[in-house]
Amino acid sequence: MGLFTSKKQEPLPDVVVTLATSQDTVFRPDDTVSGHVTLSTPFPLTPQAVEVSLWGESKVWIRRSSSSSNNSTDYQHYRDNAPLFTVTYNLFPDPHQLQPGQDYNFPFHFRVPEGTAFTRPECYRDPTEQPYTVLPHNLPPTFFFGYSEDIPDNAGVFYGVTARLIAPGVGVGKDVEPVSSTIPILFQPLNPNVRFSPSILRHTKNFTLASSSLTGAEPSKIGFRQRMHDRFSSQTPKMDFEVAVEIPARLNAAQEFQFRTSFAVLNKGDNVTHIPPINIKVLDLKLLDFTFFRATYDWSASNTMSGWQHKNYKIYTSPGKPDWTEHVYREKKTALNAIPESHTIELQEVPVVGEKGKKEMEQETKCDVWFNARLPGQTVPSFVSFAIVRAYRVKAKIGVEIGEKKFVYELESHVQHLGS
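All residue numbers for the sequence shown refer to the UniProt record's numbering, where the first residue is 1 and numbers rise by one.
#1: Could you spell out where the beta strand (DSSP E) holding S66 opens and where it closes?
#2: Compute the beta-carbon to beta-carbon distance between L201 and I247, rounded to the nearest angstrom, for a pair I have assumed lies under 8 Å.
#3: Going by C-alpha distance, which of V26, A167, Q309 and L186 is nearest residue 435?
#4: Taking the Cβ atom as the reference point for each residue, do R28 and Q188 lie within a distance shorter than 8 Å?
#5: With a cut-off of 8 Å on the beta carbons, I'd call T142 and F158 a contact; round off their distance for me.
#6: Taking Cβ positions, are A301 and H77 nearer each other than 8 Å?
#7: R390 to T128, Cα distance in whole Å?
#8: With three or more C-beta pairs closer than 8 Å as the rule, is the segment 287-304 touching the segment 44-64?
#9: Just to confirm the assignment, what range does the beta strand (DSSP E) spanning V33 have?
#10: Taking Cβ to Cβ, would you say V408 is nearer than 8 Å to I280?
#11: What's the C-alpha gap between V352 and S342?
#12: Determine whether the beta carbon atoms of S40 and D14 lie at a separation below 8 Å.
#13: What number of angstroms, rounded off, separates the C-alpha of S420 from the C-alpha of L45?
#14: Using the Cα positions of Q48 and V16, report the straight-line distance between them to the nearest angstrom.
#15: Which residues in the same chain as L347 place their Cβ atom closer than 6 Å to its Cβ, once the five residues preceding and following it in sequence are excluded?
#16: Only counting the same chain, and skipping five residues up and downstream in sequence, which positions put a Cβ closer than 6 Å to that of Y89?
#17: Are the beta-carbon atoms of F383 and P100 separated by less than 8 Å?
#18: Fully enclosed by the segment 164-221, which beta strand (DSSP E) runs are 3 residues long or longer?
#19: By DSSP's criteria, P248 is part of a beta bridge. Which residues make up the other side?
#20: In or out: K398 buried (at least 16 other Cβ within 10 Å) or exposed?
#21: Going by the DSSP bridge assignment, what does Y104 pair with across the sheet?
#22: I need the boundaries of the beta strand (DSSP E) containing P83, first residue and last residue.
#23: Ordered along the chain, which non-local residues of its own chain (more than five positions away) have a Cβ less than 7 Å from that of A20?
#24: Can you tell me whether E149 is helix, strand or coil according to DSSP?
#25: Do V245 and L411 come within 8 Å of each other at the CB atom, strictly closer than that value?
#26: Helix, strand or coil for T317 per DSSP?
#27: Distance check for Y329 and G320, CA to CA, integer angstroms please.
#28: Out of F207, P113 and N81, point me to the one whose CA is closest to T124's CA.
#29: Report the residue from I278, Q258, F386 and S385 whose alpha carbon sits nearest the alpha carbon of V394.
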């Protein structure tokens, strides 16, 4: 027997939360979360309350390090725990004694809210800092970025149901924390894209082609000497043209989207008599996702790697220091397949009215082609919250070949909202 002994923890009551739905059910605003709390006790017990809460929160943990002259390393920890909402009911409004050997079931049901009513302007150095918000907003989806909640540089949005047994003298640990049980739930916001008419973002770039192929010469038969002449001669047939790419402004996960690439002649010299076939090819197509998160300095944390928090953390807080803020920005690329990979268009001869009112045949000066692509099914919807933001862009690399001359147009198109 040692010099110091601790009192053995007596058996505690058991609290279990059970949902009426499967654990992979995804809830949306106005859905009902229902189930029951099961309570059993090893001894006669008269609880003050049996509380059950539906809640949502976002959590961020960022770690930085600095070395001193004596080769030691100090760690600075930045944390942000932002409540989104909490709804709590007492399932045991009339206290009475519960007996051991029995299971007591308390049913519950909640309505899932659409947004948070909280504001947090005092929590950050710059309340207007983009791309975040400090105002009430729609609830973000269930989300996690990082390797683990136990490893720094992570950010997450979590939802769940927690039951607590409130009884005098009954609890866990030295602080007699209430016996509790939590079960996580999955949440997705409503898709706002269904309320908007389809819209596109148009991106353009101008190019110039100078080549004898614009006179109808077969590109493969243009020799080296002629190509050098074309390059330096002011008499070389020349054409200015525009390549435009139109990409939807709003996209949805697991759905196909179409985007259009168009070609248009802006002007051409008098010696341009024929435009060769045009090959338009998608050289590369990616979905870029951007994750931003921020947190203020955690004055309750130790300077160790783990950043454990002092129990008496209130004496370490410094509410006048929200300017000690750290940010993390991460970008990830997901390759998309374009179908078809390329189109070849031959501009047709069409009748036009000439200067003297006579009908003449002239080659078309514009055309467009369509491509299809699909987003992955597990793509997280875009969202903006207090300390975490998820945003997207579509990156495209389009190749245009005319008369064996190749032109490349690279662009990034902002996705106004990516829905679920």
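Using N, Cα and C, we set each Cβ at its ideal position, and we do this for glycine too.
To lay it out plainly:
#1: A49 to S67
#2: 6 Å
#3: Missing from the structure shown is residue 435; the chain here goes from 1 to 420 and no further.
#4: yes
#5: 7 Å
#6: yes
#7: 17 Å
#8: yes
#9: T32 to S40
#10: no
#11: 30 Å
#12: yes
#13: 47 Å
#14: 18 Å
#15: I275, Q363 and E364
#16: V52
#17: no
#18: 179-187 and 200-210
#19: I200
#20: It should be pointed out that residue 398 corresponds to Ile in this sequence rather than to Lys. Answer is buried; the Cβ neighbour count reaches 16.
#21: L39
#22: T73 to N90
#23: S34 and G35
#24: coil
#25: yes
#26: Confidence in T317 is poor, its pLDDT being 43 and thus under 50, which makes the residue's placement unreliable; the coordinate value appears in the next sentence. Coil.
#27: Confidence at G320 is low in this model, with a pLDDT of 48, below 50, so its placement is unreliable and the value that follows should be read with caution. Those two C-alpha atoms are separated by around 25 Å.
#28: Residue identity check: residue 124 is Tyr in the sequence provided, not Thr. Of F207, P113 and N81, the residue nearest in Cα terms is N81.
#29: Q258
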